[in-house]
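Here's the structure, in C-alpha cells; my notes come after.
If you want it as C-alpha cells, here you go:
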C-alpha cells in the first residue's frame, strides 16, 4: 500500500493550562481539583471538596499570579512552541501538519480544540503531551479526556505517552545547564538540584511511574555534563497534609545552607515558564535560600522554545507516524519497572 501524500495530520499539544487573569484563578483551581486523577474520590465527594479547596486557595493563588502581572505566560509560551513545531514538521512537503493546543484545566480546553480539529478534518491525529515524564495526574488525565470527547477519531489517533530521555529534550537541557556551568570554577562549592513537580506518595505507591522517569531524565542530563558539581533529584510544589515523594526541594535548599553549598536549580519536568518556575523557584525558594545563607542561587530556564527541544518533539511525531504503534514511548531501551502498573505499556500488555 502506497503512503498517502499531502496527508493532513493534526498534532494535539497537551498542557496543564493556567489562569490568564485573576478572575480565572478560582475556576481553574476547581477544574484542577475536580479531576478524578488528582482527587481520587467518588464524584459526590470530589465535587464539594473541589469547590471548598478552590474557594480556600483562591486569594493565595491570586497573589501568586499578581506577581506574574495578573496571569500566567503558559499559554503564549505553548503557542510559540506549537508554531515552531508546526514550522519544523512542515519541512516535509508531502504532508500538511497543523498543531493545536488543548489545555486540561483552562482555555483553550478540549471542546474548543475539538472544534478547530474538526474544521481541519485530519487524516491522522498525534497526541503529544508537553509532559516529558508520564504521570497519571498529567498525561493520563489529558489522554483520557481526549478519548472521552473524541471517540470518532479513535481509529486515526496515535498517542505519545512519554519521552523522558528524548535526545532533543536532553540536549536542550544540557546546553542550558552547560552555559551556566562555564562561569563556575570551584565545583566542590556547588550542588545541582534537578527539581520536578512532586506527587503524593500514595499515587506513586499505587503504580505511577513518574518518579522513575524523572530519575532517568536527570541522569541523562548529568551524563551530558563533563565537569559538574554533585547533583540530586528533588520535588517541589507540595500542598496539603498528605506525604509527598521526597526529598523536598525546600528541604534540600535548607540542607545546602547548612553544608555551605551554592545552588543551581534546574526544573526538569516543566518545559515552559509558569508559576512554579517564575514564582515558586525564582521568588519563594530564592528567599528561602537567602534565609538559610545559601551563598549563590541560580535557576536554569526551562527548555521552552529551544531549537533542540523543538527538534526532539518533531522526532517524536515522525517516529510514531512511521510506526504502526498506537502508543509510543521514546525511552531508549528503558522500561518502567513492572511494579509501576500505571505505565500504559504495562497496561496494554496486560489487556492484550
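In my numbering, the protein residues as written are 18 to 369. We treat Cβ as the ideally placed atom computed from N, Cα and C, and that holds for glycine. Predicted model, so just to flag it, every value in this text is computed and none were measured.
### Message
Just to confirm before moving on: does the CB-CB distance between residue 322 and residue 145 stay below 8 Å?
### Response
no
### Query
Under the three-state reduction of DSSP, which class applies to residue 141: helix, strand or coil?
strand
### Query
residue 351: buried (16+ other C-beta within 10 angstroms of its C-beta) or exposed?
It counts as exposed.
### Message
Can you look up residue 95 in the DSSP assignment and give me helix, strand or coil?
### Response
helix
### Message
Can you give me the C-alpha to C-alpha distance between residue 182 and residue 278, rounded to a whole angstrom?
### Response
28 Å
### Query
residue 142 and residue 27: beta carbons closer than 8 Å?
With a cutoff of 8 Å on beta-carbon distance, residue 142 and residue 27 are scored as near each other.
### Message
I need the DSSP call for residue 296, collapsed to helix, strand or coil.
### Response
helix
### Task
Measure the C-alpha to C-alpha separation of residue 238 and residue 135 and round it to an integer number of angstroms.
39 Å
### Task
Compute the Euclidean distance between the alpha carbons of residue 139 and residue 107, then round it to the nearest angstrom.
15 Å
### Message
Once the 5 residues before and after residue 363 are set aside, which same chain residues still bring their CB inside 8 Å of it?
### Response
353, 355 and 357
#### Entry: Continuous alpha helix (DSSP H) assignments of at least 4 residues falling wholly in the stretch 201 to 246
218 to 222 and 227 to 240
### Query
Do you know how far the Cα of residue 226 is from the Cα of residue 369?
For residue 369, the predicted model reports a pLDDT of 45, less than 50, meaning its position is unreliable and no value from the coordinates is stated.
### Sequence-distant residues of the same chain with beta carbon closer than 7 Å to residue 18, five excluded per side
Reliability fails at residue 18, whose pLDDT of 39 lies under 50, so the model's placement of it is uncertain and the value that follows must be treated cautiously. Here the set comprises nothing.
### Task
Ignore the nearest five residues each way along the sequence and tell me which others in residue 150's own chain have a CB closer than 7 Å to its CB.
179, 181, 227, 230, 231, 234 and 286
### Task
Output the boundary residues of the alpha helix (DSSP H) element that contains residue 64.
60 to 84
### Task
Might you give, ordered along the chain, the residues of its own chain that have their beta carbon closer than 8 Å to the beta carbon of residue 83, omitting 5 neighbours on each side?
39
### Complete alpha helix (DSSP H) runs within the stretch 128 to 185 (minimum length 4 residues, chain order)
158 to 166
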